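>
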Amino acid sequence: MLVRLGCWSALEAGQTFLLGYGLARALDAGFLAGDARTGLLWLAAAGLGVAVGAYGTGRVYRAVADLVEPVRDRLVETVVARGVREADDSAVSGLTQQVEIARDALAGLVMVSRSFVFTAAGALVGLFSLAPPLLLVVGPPLLAGVALFAATLRPLARRQEAFLVADEALAREWGAVGQGLRDITATGAEERAARDLGTRVDGELAAARALARWTVPRTAALAVGGQLPVVLLLVAAPWLLARGVTPGALVGALAYVTQSLLPALQNLIHGLGAGGSRLTVVLRRLRARTPADTEPTATPTPASIPTTATSEALSQHDADADVDAAPRTPVPAARTPRKTPPALSLSDVSFAYGPASTPVLDGLDLTVPDGGHLVVVGASGIGKSTLTALVAGLLRPGRGAIRVCGHPVPGADAAALRVLIPQEAYVHSGTLAENLGRLRPDPVPERELCAAAETVGLGPLLADLGGPRARVDPAALSAGQRQLIALTRAYLSPAPLALLDEATCHLDPEAEARAERAFAARPGGTLVVVAHRISSACRADRVLVMDGPRTAYGTHEELLRSSEPYQELVGGWTVPAERR
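Sequential numbering of the sequence shown, starting at 2, is according to the working numbering.
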């Protein structure tokens with residue numbers, strides 16, 4: 002394959018040789034000698050060389066594809082095998098993109114490198130054929146320019162990698178801010194978020210400037226290797242002519258430099274300088290997991306074991322997956338009579354999104370008594386929805402046991418005793434009564450349905466739509482209206498455990514408080530709320546603050562005194578006087 006590529010490249014380089022040599026012979030043996038016919042024949046030969054070179058260029062592209070594509074396929078196989086082995090679909094996606102960058106960079110590198118080598122060889126052979134003294138003028142600056150450029154490759158690659166790392170850090174920070182805008186606004190953390198994001202922007206700007214500084218030596222290399230020979234040929238013209246160099250040979254030498262060597266060196270510097278450094282960085286990052294794919298793991302402390310934030314997605318129709326962090330220290334249950342099993346219990350629960358991934362939950366013990374009201378708070382992406390997905394049976398823990406009213410999760414008995422209301426509420430076409438009674442085995446009496454709607458806060462919308470028998474167009478409803486319908490549906494469900502996974506995020510604070518109070522007062526009901534407003538925590542019996550090693554549990558007042566993460570989340574919130 003390499004031999005075939007070399008042969009087609011040599012054929013392509015033939016036009017380089019004929020360009021300067023044919024022009025020199027056309028002048029010396031033709032036009033300057035008074036023989037126009039000979040001059041035209043040499044020019045025709047140079048034109049034929051261009052046509053033959055174009056044919057060789059077409060075959061070169063095929064040879065490069067045959068060389069690069071197998072490399073790309075091997076990289077894809079390695080990356081996908083590792084991603085599947087580690088059950089990390091985001092890593093497969095990110096690394097596969099890097100494989101495409103590597104493929105394109107390798108193809109460009111092969112093209113510009115072999116083009117420069119064969120073009121330079123054709124031009125130098127032509128200069129020697131015309132007059133050996135021409136090599137003394139053109140050769141040294143060309144070698145000096147190439148050497149200067151080669152000296153910049155390693156530091157350029159380092160600057161390129163630093164810029165990529167800074168760019169990825171900025172993208173991750175921006176993604177976190179974009180997903181957490183609601184929490185940032187709710188907790189009054191705009192200045193802190195802006196400061197953190199500004200730090201990332203400044204870091205990328207500094208990396209970009211450091212990378213840009215290396216354009217100076219690259220430009221100098223091009224000037225020395227490609228433009229200085231033109232000046233030297235003109236300055237040394239009397240000396241060359243005195244040593245037998247013909248005018249045609251001098252013109253041919255200028256053609257070699259300006260039409261062949263200078264463009265080839267320019268392509269080499271721009272192509273290898275950008276593509277080569279990018280290829281080096283990407284291949285290094287493919288061999289060892291990149292910073293974008295792996296987050297550092299915190300060192301465990303005796304009191305608790307923090308886990309590392311990752312970003313995995315659950316099924317869209319059920320919940321948005323977050324990243325979790327959980328303490329090993331058991332979370333105590335509220336002091337209530339234990340005549341019946343607790344509504345929810347987690348015992349030494351651990352969970353990770355793959356066998357080689359960092360655990361998201363690590364040894365979590367949690368108990369919510371029958372009739373309890375627990376609110377889970379924390380920054381976006383810390384893992385609140387992962388916890389509810391495990392309780393709902395949408396995910397299976399790697400270790401430990403989860404029970405709902407004494408029944409193991411996952412299991413049919415436990416599934417019948419819990420209802421999950423995700424952030425994106427589902428409303429189907431049909432009547433409002435059909436939507437609200439979807440979780441009941443038998444039709445819901447209209448009086449009970451209207452009473453539940455009034456309790457949860459759906460009453461005004463129920464009246465506006467025309468009553469329970471009115472047909473519903475899901476596309477015509479707002480996100481808040483869909484949430485009210487889903488909340489009322491869950492309220493009517495026979496399941497005693499209600500899991501509200503940011504199910505009120507599109508409601509105003511008053512509507513949210515009304516819905517949560519309704520669920521908390523539901524006879525025989527237990528409520529677990531993943532909250533986006535701290536006011537939800539003020540209404541709960543207990544609050545679970547998720548923040549890795551600083552995870553805390555207690556009442557609102559206790560956490561205000563003892564938990565720094567909770568104090569940061571509360572921020573500028575004005576806590577209402579009433580809690581329920």
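By construction, the Cβ of each residue, glycine as well, lies at the ideal position given by its N, Cα and C atoms.
Here the structure is a predicted model, which is why all the values come from computation and not from measurement.
Excluding five sequence neighbours on each side, which residues of the same chain lie with their C-beta closer than 8 angstroms to the C-beta of leucine 12?
Val53, Gly54, Tyr56, Gly57, Arg60
> Residues in its own chain within less than 8 angstroms of glycine 372 by CB, not counting five upstream and five downstream?
Here glycine 372 has Thr337, Ala344, Gly525, Gly526, Thr527 as same chain residues with Cβ atoms under 8 angstroms from its own Cβ, once five neighbours each way along the sequence are excluded.
> At what residues does the beta strand (DSSP E) containing arginine 400 begin and finish?
400-405
> Span of the alpha helix (DSSP H) holding arginine 214?
Run containing arginine 214: 191-214, per the alpha helix (DSSP H) assignment.
> Helix, strand or coil for glycine 431, going by three-state DSSP, please let me know.
strand
> Per DSSP, which one or two residues make a beta bridge with arginine 419?
Within the DSSP secondary-structure output, arginine 419 pairs in a beta bridge with Leu498.
> At what residues does the alpha helix (DSSP H) containing alanine 519 begin and finish?
That run of the alpha helix (DSSP H) goes 510-521.
> Please give me, in chain order, every unbroken run of the alpha helix (DSSP H) with length at least 4 that falls completely inside the stretch 91-175.
none
> Report the option in Leu143, Glu162, Thr247, Arg115 whose CA atom is closest to the CA atom of alanine 132.
Thr247
> Are three or more beta carbon pairs between the stretch 126-142 and the stretch 17-30 nearer than 8 angstroms?
yes
> Taking 9 angstroms as the CB-CB limit, is serine 346 close to chain D?
Chain labels in this structure do not include chain D; a single protein chain is all it has.
> Can you say whether proline 442 is buried or exposed, counting buried as having 16 or more other CB atoms within 10 angstroms of its CB?
exposed
> With distances taken from CA atoms, which of Val258, Pro510, Thr153, Phe32 is nearest alanine 122?
Val258
> Considering just the uninterrupted stretch of the beta strand (DSSP E) at serine 351, what are its terminal residues?
345-352
> Would you give the residue range spanned by the alpha helix (DSSP H) that arginine 562 belongs to?
557-563
> Considering only the beta carbon of each residue, do glutamate 517 and proline 423 sit closer than 9 angstroms?
no
> Using DSSP bridges, identify the partner residues of alanine 553.
Val546
> For aspartate 371, which of helix, strand or coil comes out of DSSP?
coil
> Would DSSP call threonine 311 helix, strand or coil?
For threonine 311, the predicted structure reports a pLDDT of 30, less than 50, and the residue's modelled location is therefore unreliable. A value from the coordinates is still provided. Residue state for threonine 311 is assigned as coil, using DSSP reduced to three classes.
> Roughly how many angstroms lie between the CA atoms of proline 342 and alanine 521, to the nearest whole one?
19 angstroms
> Rounded to the nearest angstrom, what separates leucine 570 and valine 147 at their Cα positions?
58 angstroms
> Where does glutamine 568 land, buried or exposed, given buried means 16+ other C-beta within 10 angstroms?
exposed
> For proline 469, which residues of its own chain have a beta-carbon under 6 angstroms away from its beta-carbon, when the five flanking residues on both sides are left out?
Leu433, Ala434, Glu447, Leu450
> With respect to the beta strand (DSSP E) encompassing histidine 408, which residues constitute its N-terminal and C-terminal limits?
That run of the beta strand (DSSP E) goes 408-410.
> So leucine 440 and leucine 493 are supposed to be a Cβ contact under 8 angstroms. How far apart are they, rounded?
About 7 angstroms separates the two Cβ atoms, so the contact holds.
> Rank Ala163, Leu149, Asp349 by C-alpha distance to the C-alpha of leucine 223 and give the top, closest one.
Leu149
> Exposed or buried, histidine 374, counting other C-beta atoms within 10 Å across all chains shown (16 or more means buried)?
Label assigned to histidine 374: buried.
> Is valine 473 buried or exposed, if buried means 16 or more other CB atoms sit within 10 Å of its CB?
buried
> Just list the residues that DSSP pairs valine 445 with in beta bridges.
Beta-bridge pairing links valine 445 to no other residue.
> Does leucine 501 pass the burial test, meaning 16 or more other C-beta atoms within 10 Å, or should it be called exposed?
buried
> Look at the alpha carbon of aspartate 366 and the alpha carbon of arginine 155, and state the distance between them as a whole number of angstroms.
51 angstroms
> Which residue marks the beginning of the alpha helix (DSSP H) containing leucine 233, and which one marks its end?
229-236
> Taking the CB atoms as reference points, tell me whether valine 377 and valine 178 lie closer together than 9 angstroms.
no
> Sort out for me which residues DSSP pairs valine 571 with in a bridge.
According to DSSP, which records beta bridges pairwise, valine 571 is partnered with nothing at all.
> Determine the direct distance from the alpha carbon of alanine 238 to that of valine 232, and round the result to whole angstroms.
10 angstroms
> Tell me where the beta strand (DSSP E) around threonine 527 begins and ends.
527-531
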